[in-house]
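What follows is a set of notes on a single structure, which appears directly below.
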Amino acid sequence: MDKIWLEMYEAAKAVLHARQVSEYLSCGEVSAAVRSKSGKIYTGVCIDTCCGLGVCAERNAIFNMITNGEHEFDRVLCVMPDGSSGAPCGACRELMVQLMAGKYHDVEIMADIKTGRTVKLGEITPEWWIK
Ligand SMILES: [Zn+2]
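Just add 2 to the spot in the sequence shown (first one is 1) and you have the working numbering.
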C-alpha cells in the first residue's frame, strides 16, 4: 500500500469519533477521505438523523472538497467503526458517478485496508446509466 492511502486512512481516522450531538442527531461513527485532483485530502463523517436527513461520510467528504473549490478526485477511502475499510453505498456511488461523469471509471476505492486491495469505481458501478 502506498503512502497516499496511509495518509488518507490517518486523516479519516482522525475525524472518526462517534457522538450524539442532539436528541435527534448523531455523527462520526463512520469517516471518509477523498483525494482531490490537486492532491489534497478532504475528510467527512457520517451524519445520522431522524427522518432520513443525514449523509454518509463519503458524500460529506466530497461536499467538503466541493466547498473548498475542487470537484475532481481520484481516490476514496472509508473507515468503519472498527477501523476497517468499507465500500460506498449506492447513493455515494451515484453521487461519485454524477460528479465524475465520463471519467469515474478509474477512481480508486480502498476495499480492504488490511491487505491494501482496491477496486475501481467503474468496477462497482456496472451498466450504470451514466457513461
Ligand atoms: Zn453512502
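Think of the CB as a built atom: it goes at the ideal place given N, C-alpha and C, for glycine as much as any other residue.
What's the gap between the Cα of residue i and the Cα of residue j?
{"i": "residue 100", "j": "residue 130", "result": "10 Å"}
{"i": "residue 114", "j": "residue 126", "result": "14 Å"}
{"i": "residue 95", "j": "residue 61", "result": "9 Å"}
{"i": "residue 6", "j": "residue 56", "result": "28 Å"}
{"i": "residue 104", "j": "residue 98", "result": "11 Å"}
{"i": "residue 69", "j": "residue 117", "result": "32 Å"}
{"i": "residue 123", "j": "residue 23", "result": "33 Å"}
{"i": "residue 12", "j": "residue 27", "result": "25 Å"}
{"i": "residue 92", "j": "residue 3", "result": "26 Å"}
{"i": "residue 73", "j": "residue 67", "result": "7 Å"}
{"i": "residue 10", "j": "residue 90", "result": "16 Å"}
{"i": "residue 19", "j": "residue 49", "result": "11 Å"}
{"i": "residue 51", "j": "residue 128", "result": "31 Å"}
Among residues of its own chain, excluding the 5 on either side of residue i, which ones have a beta-carbon nearer than 8 Å to its beta-carbon?
{"i": "residue 17", "result": "30, 33, 45, 46, 47"}
{"i": "residue 133", "result": "103, 104"}
Whose CA, out of the options, lies closest to the CA of residue i?
{"i": "residue 86", "options": "112, 57, 56", "result": "112"}
{"i": "residue 110", "options": "92, 75, 81", "result": "75"}
{"i": "residue 25", "options": "7, 53, 9, 35", "result": "53"}
{"i": "residue 88", "options": "67, 120, 64", "result": "120"}
{"i": "residue 77", "options": "15, 70, 107, 69", "result": "107"}
{"i": "residue 37", "options": "27, 50, 14", "result": "14"}
{"i": "residue 71", "options": "40, 19, 82", "result": "40"}
{"i": "residue 81", "options": "91, 59, 67, 93", "result": "59"}
{"i": "residue 42", "options": "49, 64, 51", "result": "64"}
{"i": "residue 35", "options": "128, 132, 8", "result": "8"}
What does a CB cutoff of less than 6 Å around residue i pick up in its chain, not counting 5 residues either side in sequence?
{"i": "residue 83", "result": "31"}
{"i": "residue 21", "result": "30"}
Which same chain residues end up closer than 7 Å to residue i when comparing Cβ atoms and leaving out the 5 residues on each side of it in sequence?
{"i": "residue 102", "result": "74, 109"}
{"i": "residue 79", "result": "7, 10, 11, 14, 34, 35, 87, 112"}
Task: Residues with C-beta closer than 7 Å to any heavy atom of ligand 1, in chain order - done: 58, 60, 61, 90, 91, 93, 94
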